[in-house]
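Undergrad: When we follow the working numbering, the leftmost residue of the sequence shown carries the number 1325, and every step to the right adds one.
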Amino acid sequence: MTVDVDVAIVGGGPAGTCTALHLVRSEGVAPSRVAVLEKATHPRDKPCAGAVSAWGLASLAALGVPLDVPYAEMRGLRVLAASLVGAHEHPLGVVVRRCEFDGSLWKRAVADGIVAFDGEPLVALARTAGGWTLQTSKRTVTTRLLAACDGVGSAVRKLVGIRETARKGHLYVAETPQVRGDLGPRDGLCDFDLRVADAGVEGYYWDFPTVVDGAPAVSRGIYHANFSARRDLKQDLLASLAARGIRAGSVRLKPFSTRPLVRGAPLRFDRLALVGEAAGIDATTGEGIAQAILTAGIAARHLARALRTGDTSLEGYAAEVLSSRVGRHMLQSAWLARRVYGRRGSGWRAFLAGNTHAREAGARWYAGKPLGWALKARLGIRLAASLALE
Ligand SMILES: Cc1cc2nc3c(=O)[nH]c(=O)nc-3n(C[C@H](O)[C@H](O)[C@H](O)COP(=O)(O)OP(=O)(O)OC[C@H]3O[C@@H](n4cnc5c(N)ncnc54)[C@H](O)[C@@H]3O)c2cc1C
């Protein structure tokens, strides 16, 4: 079986389905000329805490995609560092379960008439004069343009031979019922526990409110940015769980990884755009759902332009991602992660937990809102003073 399209999208997660939906709904590309190929069968599970920040939801709403799956609201955050606990209320977004969220986006792509094949991994890829030939487990797809939306393990990157520009982050995730100590999640707040960084983790432990089968629950896990290798991350997580009275045997834990977006990361080649986590995500939080949704909109614009003009370099895509708010946010995040989780990060962590402006800025930043000059100025002065006192 051979299918010919203008844009083939590998990966049916948020980056893939949103690139397809943007191409059709915002750029006027015929749905029959766009194909999404997904390795798993939807609704498929995706190891993830499921926190979708507010700017990702706003982008979906603008695309005409309402949130139609169960969710828990993130009403704000609490930051824990050393003996400090600081909270800030500000709508951050929602926590969803990925099988439901991604399955719903997939259904919308199918309903729009986009050519959507799930249960079909990409297994081979060849460059041709006019584009690409893709081989899945079931068929051949020929295309003029290719979007790699296949996440952290990107088969496209491997098949094309695209190098990694940074070490991948490491995570563990688990969902459990609420326990008595879940003060943040009970109030709809996301707990970012930076105390694990004092034990050498380059990241944080989290407790986020979530909903499992209609009941309030907590998504928990640990993120290590992995600037330096750490073999005992699981032990760090188990220690944090034990501190909350959760026994090791009651949760199944598997390690996962994330690809950070760093300066110099490749985003495009001739006729090929890397989108979502195939390109890279936020290095401070390890989060990438909203980032995938937002970069998908930029990618669709440039893929559609390439179809119209015949200029298939996609250079403008890389430039626009890096200069967009989401791109600048991810580059700032790569810079910030080294400060907050670095060897001299205790001052930064205390500042985040102990300073009201820092928490406000953190919450606005997380939700993708501009900080404004007044808050930036207050933040700069207080941070400088706080670090000078260290
Ligand atoms: C433990 C953990 C917790 C996380 N928590 C959060 C969080 O709370 N909030 C947040 O924003 N981010 C979180 N992330 C990151 C987030 O999951 C990803 O950044 C996000 O899913 C990226 O979306 P994507 O569409 O680019 O990639 P993905 O969602 O990974 O989708 C890629 C798709 O490509 C498919 N695919 C792979 N190979 C092939 C192939 N050969 N052929 C066809 N299809 C293929 C995969 O099956 C998958 O469906 C977490 C990550 C982990 C590991």
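Using N, Cα and C, we set each Cβ at its ideal position, and we do this for glycine too.
DSSP three-state label for T1680, please.
TA: Helix.
Undergrad: I'd like the ranges of any alpha helix (DSSP H) spanning at least 4 consecutive residues and lying wholly in the stretch 1483-1563.
TA: Listed in chain order, the complete alpha helix (DSSP H) runs (minimum 4 residues) inside the stretch 1483-1563 are 1507-1510.
Undergrad: Residues in its own chain within less than 8 Å of L1591 by CB, not counting five upstream and five downstream?
TA: Excluding positions up to five away in sequence, the list reads A1597, L1598, A1603, Y1641, A1642, V1645 and L1646.
Undergrad: Does the distance from the CB of T1467 to the CB of D1635 come in under 9 Å?
TA: Going by C-beta atoms, T1467 is not nearer than 9 Å to D1635.
Undergrad: Going by DSSP, which residues form a beta bridge with R1286?
TA: In this structure the chain extends from 1325 to 1714, so residue 1286 is not present and cannot be described.
Undergrad: Pull up the distance between the alpha-carbon of G1337 and that of P1445, whole angstroms please.
TA: So the alpha carbons of these two residues sit roughly 13 Å apart.
Undergrad: Would the C-beta of G1580 count as close to ligand 1, meaning under 8 Å from any of its heavy atoms?
TA: First, the amino acid is wrong: residue 1580 is Phe here, not Gly. At least one heavy atom of ligand 1 is nearer than 8 Å to the Cβ of F1580, so yes.
Undergrad: Within 8 Å, do at least three Cβ pairs link the stretch 1497-1509 to the stretch 1350-1367?
TA: These segments do not touch.
Undergrad: Under 8 Å: does the beta carbon of P1371 sit that close to some heavy atom of ligand 1?
TA: Yes, since a heavy atom of ligand 1 falls inside the 8 Å radius drawn around the Cβ of P1371.
Undergrad: Using 10 angstroms around the beta-carbon of Q1559, count the other beta-carbons present and answer buried if the total reaches 16, otherwise exposed.
TA: Flag for Q1559 reads exposed.
Undergrad: Roughly how many angstroms lie between the CA atoms of I1622 and A1453, to the nearest whole one?
TA: Each residue's alpha carbon lies about 25 Å from the other.
Undergrad: Can the beta-carbon of L1518 be found less than 9 Å from the beta-carbon of V1331?
TA: Contact flag unset, no.
Undergrad: Looking at the strands, I want to know which residues DSSP matches up with I1605.
TA: In the DSSP output, where bridge partners are listed per residue, I1605 has P1584.
Undergrad: Just to confirm the assignment: which complete beta strand (DSSP E) runs, minimum length 3, are found wholly within the stretch 1372-1401?
TA: Entirely contained in the stretch 1372-1401, the beta strand (DSSP E) runs reaching 3 residues are, in chain order, 1375-1377.
Undergrad: Taking 8 Å as the cut-off, does the CB of V1497 come closer than this to any heavy atom belonging to ligand 1?
TA: Yes, ligand 1 has a heavy atom inside 8 Å of this Cβ.
Undergrad: Taking its Cβ as the centre, do 16 or more other Cβ atoms sit within 10 Å of L1507, making it buried, or is it exposed?
TA: It counts as exposed.
Undergrad: Is S1543 a contact residue of ligand 1, with contact defined as CB to any heavy atom under 8 Å?
TA: It does: the Cβ of S1543 is within 8 Å (strictly closer) of some heavy atom of ligand 1.
Undergrad: Pull up the distance between the alpha-carbon of G1461 and that of L1483, whole angstroms please.
TA: At residue 1461 the sequence reads Ser, which differs from the Gly that was named. The alpha-carbon atoms of S1461 and L1483 are separated by roughly 15 Å.
Undergrad: Do you know how far the Cα of D1392 is from the Cα of A1440?
TA: Straight-line Cα distance between these residues: approximately 20 Å.
Undergrad: On the three-state DSSP scale, how would you describe D1330?
TA: Three-state DSSP puts D1330 in a strand.
Undergrad: Which of the three DSSP states is assigned to T1365 in this structure?
TA: Here T1365 sits in coil by DSSP.
Undergrad: So V1723 and A1709 are supposed to be a Cβ contact under 8 Å. How far apart are they, rounded?
TA: With the chain running from 1325 to 1714 in the structure shown, residue 1723 is simply not present.
Undergrad: Closest to V1358 by C-alpha separation, out of V1334, A1375 and A1378, would be which residue?
TA: The candidate whose alpha carbon is nearest that of V1358 is V1334.
Undergrad: Kindly list the residues whose CB is nearer than 8 Å to the CB of I1605, restricted to its own chain and excluding five residues on each side of it in sequence; keep chain order.
TA: Same-chain partners within the cutoff: T1582, R1583, P1584, L1585, E1611, G1612, Q1615, A1616 and M1654.
Undergrad: Quick check: the Cα distance between L1458 and S1407, rounded to an integer number of angstroms?
TA: Rounded to whole angstroms, L1458 to S1407 spans 54 Å at the Cα level.
Undergrad: Could you round the C-beta distance between D1410 and L1513 to whole angstroms and report it? I think they count as a contact, below 8 Å.
TA: Sequence inspection shows Gly at residue 1410; the Asp mentioned does not correspond to that position. That belief does not hold up - the Cβ atoms of G1410 and L1513 are roughly 11 Å apart, past 8 Å.
Undergrad: Spatial neighbours of V1539 within its chain, please: C-beta separation below 8 Å, excluding the five flanking residues on both sides.
TA: Looking at the sequence itself, residue 1539 is Ala, so the reference to Val does not match. These residues qualify, in order along the chain: P1501.
Undergrad: Do you know how far the Cα of A1490 is from the Cα of D1537?
TA: Roughly 37 Å between the two C-alpha positions.
Undergrad: Is the beta carbon of W1456 sitting closer than 9 Å to the one on T1341?
TA: In this structure, T1341 does not lie closer than 9 Å to W1456 by Cβ.
Undergrad: At the level of alpha carbons, what is the spacing between A1521 and G1493?
TA: Distance between the alpha carbons of A1521 and G1493 is about 14 Å.
Undergrad: A1708 by DSSP, collapsed to three states: which one?
TA: Three-state DSSP puts A1708 in a helix.
Undergrad: Got a sec: does ligand 1 put a non-hydrogen atom nearer than 8 Å to the Cβ of Q1459?
TA: Flag unset: Cβ of Q1459 not near ligand 1.
Undergrad: Return the residue from the list R1487, T1608 and D1474 that minimises the CA-CA distance to W1530.
TA: Per the Cα distances, T1608.
Undergrad: Per DSSP, what are the beta-bridge partners of F1441 in this structure?
TA: Partner(s): L1361.
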